[in-house]
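So that you can map any letter, position 5 of the sequence shown is 20 in our numbering, and since no number is skipped, the others follow by simple counting.
Built from N, CA and C at the ideal position, the CB exists for glycine as well.
Owing to the predicted nature of the structure, the values given are computational and were not obtained by experimental measurement.
So the structure is just underneath, and the comments pick up after that.
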Amino acid sequence: IDITGDSATVDNKGGMTVTDPDSIGILIDGDKAIVNNDGDNAISNGGTGTQINGDEATVNNNGNTTVDGQGSTGTEIAGNNVVVNQDGTLDVSGGGHGIDITGDSATVDNKGGMTVTDPDSIGILIDGDKAIVNNDGDNAISNGGTGTQVNGDEATVNNNGNTTVDGQGSTGTEIAGNNAVVNQDGTLDVSGGGHGIDITGDSATVDNKGGMTVTDPDSIGILIDGDKAIVNNDGDNAISNGGTGTQVNGDEATVNNNGKTTVDGQGSTGTEIAGNNAVVNQDGTLDVSGGGHGIDITGDSATVDNKGGMTVTDPDSIGILIDGDKAIVNNDGDNAISNGGTGTQINGDDATANNNGKTIVDGKDSTGTEIAGNNAVVNQDGTLDVSGGGHGIDITGDSATVDNAISNGGTGTQVNGDEATVNN
C-alpha cells in the first residue's frame with residue numbers, strides 16, 4: 016500500500032508479512048495519517064512493515080509484531096507529534112527495530128510488552144526531543160539488545176511493567192539527552208553484565224519504585240553519566256556477585272535509598288558515585304557482606320545521611336566508603352559491624368563522622384569508623400560497644416578530634432597522628 020496525501024487511513028485487519036530490503040507493507044507520505052494493524056505483522060530480512068513520512072501520524076498495532084534481521088523495522092515514522100500504540104506483543108531480534116521514530120514530541124504506548132534480543136536490536140527507538148514512552152507490559156532484554164532508546168532532551172520513559180535485562184551490552188532503557196525522566200514502577204532485574212537504565216546527560220531523574228535485583232560483574236541497575244542527577248530508590252535493592260545497583264558519574268548527584276539495600280559479594284556495590292558534592296540519603300536499612308560496598312563515593316564534599324542503620328560483616332565489606340576531602344557522614348541509625356567489616360571509611364582531609372545511633376563493633380579487624388586524613392572529627396553521640404579485638408574509631412592523620420563514649424573493653428579510639436583531641 017503506497018499513499019501520498021494528508022489524512023490517509025489504512026485499516027489492515029488481515030495481517031502482514033514483509034521481507035527483503037526496500038520492501039514496505041504500508042507507505043504513507045503525508046500528515047495526519049492513521050494506520051490500524053489489527054492482524055499480526057512479521058517483518059524480516061531488511062523489510063519495513065509500516066512507514067510514514069509526515070507529522071501527527073497515528074499507528075495502532077493491535078496484533079503481535081515480530082521483527083527479525085538487520086535493517087528490518089516494524090513501524091517507522093519520520094515526523095513530529097506522532098503516536099504509536101503497541102497493544103500486541105513486540106518481538107525484535109537479529110538487529111531489527113520494532114518501532115523507529117525520528118521527530119519531536121513522539122508518544123509510544125506499549126501495552127503488549129516486548130522481547131528484544133541480539134546486538135543492534137532495539138524495541139523502541141526515538142530520535143527527537145520531548146519523547147514519551149509508556150511500557151505497560153513486561154520487557155525482556157537479552158544478548159545485547161536494547162528495549163527503549165531515546166536520543167533527545169526532555170525524554171520521559173515510564174516502565175510500569177517488570178523489566179528483565181540479561182547479558183553484556185543489553186540495556187533496558189537508554190537515553191542520551193538532558194532532563195531525562197525514567198519512572199520504573201515495575202521491578203528491575205539485571206544480570207550477566209547488562210544495564211537496566213542507562214542515561215547520558217545532565218539533570219536526569221530516575222524514580223525506581225519497583226525494587227531492583229542486580230547480579231554479576233559489569234551489571235548495573237541504574238547508570239547515569241551527567242551532572243545534577245537524582246535517583247530515588249523507593250523499593251528494596253538486592254545487589255550481589257559483583258553487580259552495582261546505582262552508579263552516577265557526575266557532580267552534584269543525589270541518591271535517595273528509601274527501601275532496604277542488601278549488598279553481598281566482592282565487587283558488589285549498592286550506590287556508587289564519582290563526582291563532587293554528592294548526597295546519599297539512606298533511609299532504608301543497609302546490609303553489607305561478603306566484601307561488598309554499600310555506598311562508595313569518589314569526590315570532594317560528599318554527604319551521606321544514613322538514617323536506616325547498617326549491618327556490615329566479613330573482611331573487605333564496607334558500609335560507607337568515601338575517597339575525598341570534606342566528607343560528612345551522619346549515622347543516625349544503629350550500626351553493627353562484625354567479622355572484619357568496616358562501617359564507615361573516609362580517605363581524605365577535613366572529614367566529619369557523626370555517629371548518633373548506637374555502634375557495636377565485634378571481632379578482629381572490625382572497625383566502626385575509620386578515617387585516613389588530617390583534621391578529622393568524629394562525634395560519637397550514641398554508645399560505642401567494642402569487643403573481640405575490634406576498633407571503634409580508627410583515625411590516621413594529624414589534628415584529629417573525637418567525642419565519644421565506650422564500654423565493654425577493646426580498643427575504643429585509636430589515633431595515629433599529632434595534635435589529637437579525644438573527649439570521652
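Between Ser218 and Asn194, the C-beta gap is smaller than 8 Å, which places the two residues in contact. Put simply, of Ala317, Ile333 and Gly356 the residue whose alpha carbon is nearest the alpha carbon of Asn345 is Ala317. Residue nearest to Thr416 within the set Ala342, Gly403, Asp400 and Val392 is Val392 (criterion: CA-CA distance). The shortest C-alpha to C-alpha distance from Asn77 to any of Asp400, Leu336, Ala368 and Met31 is the one to Met31. Annotation: Ala121 to Asn272 spans about 32 Å, alpha carbon to alpha carbon. DSSP, read as helix, strand or coil, puts Ile16 in coil. Selection Lys28, Asn60 and Ala72 evaluated against Ser22 yields Ala72 as nearest (Cα-Cα). Bounds of the beta strand (DSSP E) holding Asn174 are Thr171 to Asn174.
Between Gly274 and Gly236, the gap from beta carbon to beta carbon reaches 8 Å or more.
In this structure, the alpha-carbon of Val270 lies about 33 Å from that of Thr117. Residue environment: Asp17 is assigned as exposed (fewer than 16 neighbouring CB atoms within 10 Å of its CB, all protein chains considered). With respect to Lys322, Asp347 sits close: the two C-beta atoms are nearer than 8 Å. Judged by DSSP secondary structure, Asn96 falls outside any beta strand (DSSP E); it is assigned neither H nor E. Counting along the chain, Asp181 sits inside the beta strand (DSSP E) bounded by residues Thr178 to Asp181. In this structure, DSSP gives Gln164 an extended state, which the three-state scheme calls strand. Excluding residues up to 5 positions away in sequence, Gly306, Asn354, Gly355, Gly356 and Asp380 lie with their Cβ nearer than 8 Å to the Cβ of Pro330 in the same chain. Within the same chain, and ignoring the five residues on either side of Thr81 in sequence, the residues whose Cβ sits closer than 6 Å to its Cβ are Ala57 and Asp106.
Put simply, the backbone Cα of Ser414 is about 55 Å away from that of Asn149. Under the three-state reduction of DSSP output, Gln281 falls in the coil class, being neither helix nor strand. Rounded to the nearest angstrom, the Cβ distance from Val278 to His308 is 7 Å, consistent with a contact under 8 Å.
No Cβ-Cβ contact shorter than 8 Å links Gly162 with Asp133.
In this structure, DSSP gives Ala23 a state outside helix and strand, which the three-state scheme calls coil. Non-local C-beta neighbours of Ile49 in its own chain, meaning closer than 7 Å and more than five positions away in sequence, comprise Thr24 and Thr73, ordered along the chain. Rounded to the nearest angstrom, the gap between the Cα atoms of Val99 and Gly208 is 31 Å. In terms of Cβ geometry, Val229 and Ile190 do not form a close pair [threshold 8 Å]. Excluding residues up to 5 positions away in sequence, Val148, Thr163, Thr188 and Val197 lie with their Cβ nearer than 6 Å to the Cβ of Val172 in the same chain. Under DSSP, Glu287 takes part in a beta bridge, and its partners are Gln262 and Asp311.
Exposure of Gly20 is indicated by the presence of fewer than 16 other C-beta atoms within 10 angstroms of its C-beta. Ile335 is a Cβ neighbour of Thr359, given a cutoff of 8 Å. In the DSSP assignment, Asp338 forms a beta bridge with Thr313 and Asn362. When the five nearest sequence neighbours on each side are left out, the beta carbons in the same chain lying within less than 6 Å of the beta carbon of Val327 are those of Val303, Gly334, Ile352, Gly356 and Gly358, in order along the chain.
A check of alpha carbon separations from Gly45 across Thr63, Ser59 and Ile67 identifies Ile67 as the nearest. CA-to-CA, the gap between Val294 and Ala368 works out to about 14 Å. Asp153: not part of any beta strand (DSSP E); DSSP gives it neither H nor E. For the pair Lys28 and Asp53, the CB atoms are nearer than the 8 Å cut-off. Excluding the 5 residues flanking it on each side, Ser206 has same chain C-beta neighbours closer than 7 Å at Asp181, Thr230, Asp231 and Ser234, in chain order.
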